[in-house]
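In the numbering used here, the protein residues as written are 162 to 243.
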């Protein structure tokens with residue numbers, strides 16, 4: 162049976178027959194991984210001081226932002242009227 166190529170992809174091509182089809186054959190085109198190679202991650206170790214400093218900054222930001230938000234709401238309320 163003769164085929165003509167309709168489309169070409171990376172690892173396979175789509176073909177269509179040029180003659181009437183008498184039998185259909187199903188093939189498996191799912192991709193399978195050949196080898197799984199473990200990736201070694203190089204973790205950046207931070208010191209205890211850096212960790213404490215980061216936690217302190219986070220705590221300050223979490224505490225200050227709501228206070229500034231409420232203060233801004235009050236100022237807006239006063240400036241633009243109630």
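The C-beta atom is built at its ideal place from N, Cα and C for all residues, glycine as well.
Residue i: first and last residue of the uninterrupted alpha helix (DSSP H) it sits in
i           : result
residue 199 : Careful: residue 199 lies outside any alpha helix (DSSP H) and carries neither H nor E.
residue 227 : 209-241
Closest Cα partner of residue i within the set the options
i           : options               : result
residue 192 : 178, 173 and 230      : 173
residue 170 : 185, 190, 183 and 182 : 190
residue 183 : 163, 196 and 198      : 163
N- and C-terminal bounds of the beta strand (DSSP E) containing residue i
i           : result
residue 186 : Residue 186 -> no beta strand (DSSP E), and no H or E assigned at all.
Residue i in three-state terms, based on DSSP
i           : result
residue 166 : strand
residue 178 : strand
Beta carbon of residue i nearer than 7 Å to that of residue j
i           : j           : result
residue 187 : residue 175 : no
residue 179 : residue 165 : yes
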